[in-house]
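Protein chains in written order, with the numbering used here: chain A, 23 to 521; chain B, 23 to 521.
Quick look at the structure:
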């Protein structure tokens with residue numbers, strides 16, 4: 023049987039035969055053609071320098087590949103540098119020390135539950151079963167320091183190994199250092215413009231701009247880089263691209279801010295789409311329920327909130343009453359807050375705030391987003407809440423704490439959750455566009471799938487730019503596991519690709 | 023200011039500057055290049071012969087264009103020929119005769135409500151405000167006969183003008199006849215393989231296969247048709263493409279049947295994606311809640327159900343109790359039935375079945391999907407329902423009917439809804455994949471948008487192949503309005519395009 027016929031058969035199985043068009047139309051062209059002469063040649067080109075990009079670059083280099091990792095912004099780290107979380111990893115040593123039982127199966131179950139049936143189960147498995155190894159690799163091989171175990175809404179147990187001070191820079195730093203030590207060429211202000219394909223549609227390189235000054239379209243100079251083995255796209259999401267997010271979800275207009283760095287415009291993803299990459303679930307754009315209108319960007323409140331849920335309570339200032347499960351997933355909480363039409367107030371007693379890093383409270387009190395109150399009357403007065411109904415809500419929550427069961431919203435209550443009384447910390451919350459669940463269609467090998475449902479040879483994607491791994495809702499800190507696990511898968515497969 | 027710079031500025035506004043890549047990369051190619059010689063030349067090529075395709079062809083021809091309308095299957099009509107509905111049109115004469123007040127604003131409100139915030143409001147407006155004219159055009163210009171007013175779940179009022187016997191063929195027929203009378207070349211077994219683009223990425227024609235025998239990939243012969251003004255893609259959805267629907271919603275595997283004709287594989291859409299067309303909301307694939315496991319395909323039960331809701335009731339045979347608002351939208355009902363894990367049973371007394379076309383009951387009783395029972399005991403016995411709890415449910419429903427208010431699920435109850443007693447008709451229901459909410463991104467002019475958020479010159483889309491018009495959930499019979507309204511918009515704009 024000729025390979026053409028085999029392709030045809032395969033195509034039939036894949037996409038009702040639509041791929042015949044490609045198989046038979048030699049004239050079909052996508053992307054930019056190779057230049058007369060390349061300006062530079064490497065084995066693997068990695069686009070993006072966040073957790074996924076750096077993991078891909080390090081892994082490809084470890085596999086012996088000559089690697090160029092580019093970042094369009096002026097500093098390394100992409101949006102990961104703003105991460106306030108940690109690495110969800112079932113069975114990590116911090117869990118063991120805390121005597122918490124966990125397993126990849128339980129993480130997978132949590133992921134699929136919040137994914138609402140839209141998660142690509144095979145890809146989710148890669149993350150769930152690879153997360154612990156990713157944590158150990160980050161800790162032991164990269165030298166990332168993890169200083170505490172964190173809990174995030176929607177997880178069955180606390181399983182997030184948080185990097186120092188829950189500051190993404192404390193993981194990006196060691197990753198970038200290791201990449202350079204290993205000999206990865208890590209170049210900032212270098213932007214992917216177009217992917218270069220051969221006559222078969224395989225990715226063989228890229229058209230870049232060096233000396234790019236975001237967002238100046240005219241800045242920098244063009245160059246063509248040949249990528250012998252392949253290109254890994256790890257350019258992140260498009261939360262800052264208002265027009266693009268509105269194409270997929272018209273509700274997410276300019277009235278909603280984003281937690282992301284300004285460069286999160288999705289242009290690396292769009293370069294891949296320009297050569298036929300399929301996208302999936304682009305309309306599932308996640309809002310963060312824990313951002314405060316009293317500070318800019320991601321801020322420090324998210325860490326305050328995720329360290330306080332399960333201990334304190336969240337109320338609608340208009341009623342003084344709780345209105346949602348504080349330990350519910352991000353969508354549940356964001357939708358509930360937006361439905362009230364105004365910012366919510368989360369409060370936790372000083373005694374229950376032991377899981378909030380002191381640096382977080384300090385920073386929040388300095389920028390005015392987090393406040394300390396001697397008692398509930400002062401808190402109620404400051405936020406304009408009816409003091410009596412607030413006290414009634416706290417009393418009812420304390421009864422739930424005592425019973426270790428929340429009869430109203432079934433929020434998780436921890437072993438060490440204490441009665442909320444005395445001095446309180448509090449902040450206001452209003453959601454922001456935080457994460458793009460959708461993105462490029464990939465398979466468990468991190469290979470990018472085109473709109474005819476075939477693999478695009480030489481093109482890999484990992485991290486937020488890839489879609490379908492989490493489904494409808496992504497749980498906190500699972501994206502960091504996703505970035506490291508799939509970044510490494512992409513880097514390894516690119517480096518090992520037979521050409 | 024040079025036009026290049028203007029393009030750049032425009033691109034910036036559109037997509038965070040990503041379109042610079044296109045603007046500056048003359049080498050970027052997509053699609054098939056024009057052949058040495060075209061086999062045929064027309065003004066407008068229309069792909070697909072359902073309601074949208076025929077409306078586009080007729081309108082383009084009316085505008086004076088030389089039109090070729092192709093259909094890959096052996097008969098004209100696409101999936102529209104299977105439609106059991108009508109044309110949602112606020113203010114149509116059947117509503118007036120029934121004394122029902124309605125307006126485009128009310129239809130738009132219903133559309134946006136069921137769209138759950140994902141509908142492209144500007145596109146939804148085009149449908150809501152154009153629906154009445156579309157109905158009059160179909161009735162007066164095309165000669166389509168409409169014989170009754172229908173109600174569909176999720177609508178505020180009965181507003182569906184149903185074509186004769188609620189049979190889509192009775193609308194496809196007059197449309198095809200008119201198209202031929204006007205001189206449209208209407209050719210079956212002709213399949214779109216690839217779109218042909220010029221160096222600027224504008225669509226200038228198409229690569230087709232004539233004599234195609236679905237689904238034989240090797241059948242037919244290639245030909246290139248030049249389309250001077252443009253190409254209208256009206257190829258329908260992809261409900262029958264299991265691999266594609268699973269890429270976007272992994273739940274919709276081969277275990278779920280589809281109501282669609284086998285040719286609904288989305289390959290015209292994929293041809294557009296191959297030249298850079300963006301897709302939106304592909305993961306919103308609608309299940310029809312009204313199909314019966316006791317008959318194949320679309321069947322006759324949907325018409326029985328949509329003519330019975332608001333009169334009779336639906337119960338879970340395991341409990342004998344109602345479990346969902348029978349007049350809720352398709353998603354509400356499909357999700358609720360699937361959640362029970364087994365087919366539901368809908369029943370309506372003979373007295374309340376006056377809105378069900380006799381031909382429907384006759385056909386259903388002949389194929390065994392609809393059954394007639396002398397009393398509730400016989401009905402309960404046949405479906406294995408506990409007779410006492412079924413009778414209790416009917417009694418409670420009759421109380422709601424008397425009060426004209428459903429305290430349990432807030433189902434709509436009509437003025438002429440009577441007590442359910444005596445002889446009953448009933449059928450079992452299990453959802454099937456029915457409609458792809460997502461598809462090609464279009465603007466209100468039916469122009470197709472590419473993944474860089476720019477219009478693709480010369481390419482238009484209408485009907486189910488276009489996405490974003492309805493959002494999360496589409497209301498029954500609004501798609502027929504969508505097909506006719508946007509089909510005409512696409513045909514007119516293609517014919518009037520300045521070249």
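Virtual Cβ for every residue (Gly too), placed ideally from N, Cα, C.
Where residue 463(B) meets chain A, residues with beta-carbon distance less than 8 Å: The answer, in chain order, is 269.
Short CB-CB distance (under 8 Å) between residue 174(B) and chain A: Under the Cβ criterion of 8 Å, residue 174(B) is not counted among the residues facing chain A.
Within 9 Å of chain A by C-beta, residues of the stretch 467-491 of chain B in sequence order: Listed by position, the residues of the stretch 467-491 of chain B near chain A (Cβ gap below 9 Å) are 471, 472, 473, 474, 475 and 490.
Environment of residue 281(A) [buried if 16+ CB atoms lie within 10 Å]: Buried, since its Cβ has 16 or more Cβ neighbours within 10 Å.
Any chain A beta carbon closer than 8 Å to residue 272(B): Yes, residue 272(B) lies at the interface with chain A (some Cβ there is under 8 Å from its Cβ).
Length at least 4, wholly inside the stretch 398-459 of chain B: the alpha helix (DSSP H) runs in chain order: Fully enclosed alpha helix (DSSP H) runs of 4 or longer: 398-405 and 409-425.
Per-residue DSSP class, three states only, for residue 103(A): DSSP places residue 103(A) in helix when its eight states are reduced to three.
Through-space distance from residue 514(B) to residue 85(B), alpha-carbon basis: Cα-Cα distance, rounded: 7 Å.
Buried/exposed call for residue 301(B), threshold 16 Cβ in 10 Å: Around the beta-carbon of residue 301(B), 16 or more other beta-carbon atoms lie within 10 Å, marking it buried.
Cβ-Cβ separation, residue 64(B) to residue 79(B) (assumed contact under 8 Å), whole Å: Wrong, their Cβ atoms sit about 11 Å apart, outside the cutoff.
For residue 460(B) and residue 522(B), believed in contact at Cβ under 8 Å, the rounded distance: The structure shown has nothing for residue 522(B), since chain B only spans 23 to 521.
Within-8 Å CB hit, residue 149(B) to chain A: The beta carbon of residue 149(B) does not come within 8 Å of any beta carbon belonging to chain A, so the residue lies off that interface.
Residues, ordered as in the chain, of the stretch 287-314 of chain A that lie near chain B by beta-carbon distance below 8 Å: Under the 8 Å Cβ criterion, the stretch 287-314 of chain A contributes 287, 288, 289, 292, 293, 295, 296, 298, 300, 301, 302, 303, 304, 305 and 306.
Residue 512(B) burial status per 10 Å Cβ neighbour count (16 or more: buried): Buried is the call here.
Residue interval of the beta strand (DSSP E) (run including residue 245(B)): Start and end: 243-255.
Nearest neighbour of residue 287(B), chosen from 220(B), 262(B), 431(B) and 332(B) [CA to CA]: Cα-wise, what sits closest to residue 287(B) is 262(B).
8 Å Cβ cutoff, residue 143(A) in contact with chain B: Judged by the 8 Å Cβ criterion, residue 143(A) is in contact with chain B.
Residue 209(A) (DSSP reduced to helix, strand or coil): Of the three classes helix, strand and coil, the one that applies to residue 209(A) here is strand, per DSSP.
Proximity below 8 Å, CB of residue 259(A) to CB of residue 494(A): Residue 494(A) is positioned such that its CB atom lies no closer than 8 Å to that of residue 259(A).
Listed by chain order, chain A residues near residue 139(B) by CB distance under 9 Å: By Cβ distance, chain A contributes 271, 272 and 273.
Touch test, the stretch 386-395 of chain B against the stretch 329-342 of chain B, Cβ-Cβ under 8 Å, three pairs minimum: As far as the Cβ criterion goes, the stretch 386-395 of chain B does not touch the stretch 329-342 of chain B, which means the pair count is below three.
Collapsed DSSP secondary structure at residue 308(B) in the structure displayed: Strand, per DSSP.
Contact check, residue 415(A) vs residue 342(A), beta carbons under 8 Å: Their beta carbons are under 8 Å apart, which means residue 415(A) touches residue 342(A) by this criterion.
Top-ranked residue by Cα proximity to residue 274(B), from 453(B), 62(B), 359(B) and 61(B): Measuring from the Cα of residue 274(B), the nearest candidate turns out to be 453(B).
Option in 352(A), 428(A), 298(A) and 133(A) with minimal Cα separation from residue 216(A): Closest by alpha carbon: 298(A).
Minimum Cβ-Cβ distance from residue 161(B) to chain A less than 8 Å: No, residue 161(B) lies away from the interface with chain A (no Cβ there is under 8 Å from its Cβ).
CB contact check: residue 520(A) to chain B, cutoff 8 Å: At least 8 Å separates the CB of residue 520(A) from every CB of chain B.
Residues near residue 173(B) by beta carbon distance below 6 Å, same chain, minus five either side: Within the same chain, 180 come within 6 Å of residue 173(B) by CB-CB distance, once the 5 residues on both sides are set aside.
Buried/exposed call for residue 96(A), threshold 16 Cβ in 10 Å: So residue 96(A) ends up on the exposed side.
8 Å Cβ shell around residue 429(B) - same chain, five flanking residues per side excluded: Here the set comprises 422.
Inter-stretch contact (C-beta, 8 Å, three-pair minimum) for the stretch 175-193 of chain B and the stretch 104-112 of chain B: Three or more pairs of CB atoms, one per stretch, sit closer than 8 Å, so the stretch 175-193 of chain B contacts the stretch 104-112 of chain B.
Minimum Cβ-Cβ distance from residue 94(B) to chain A less than 8 Å: Not an interface residue.
Spatial neighbours of residue 264(B) in its chain, beta-carbon cut-off 6 Å, leaving aside the 5 residues before and after: Residues of the same chain with a CB within less than 6 Å of the CB of residue 264(B), apart from the 5 flanking positions on each side, are 276 in chain order.
Interface flag, residue 528(A) vs chain B, CB-CB below 8 Å: What is shown of chain A runs 23 to 521, which leaves residue 528(A) out entirely.
Residue from 94(A), 55(A) and 249(A) whose Cα sits closest to the Cα of residue 243(A): If we check each option's Cα against that of residue 243(A), 94(A) comes out closest.
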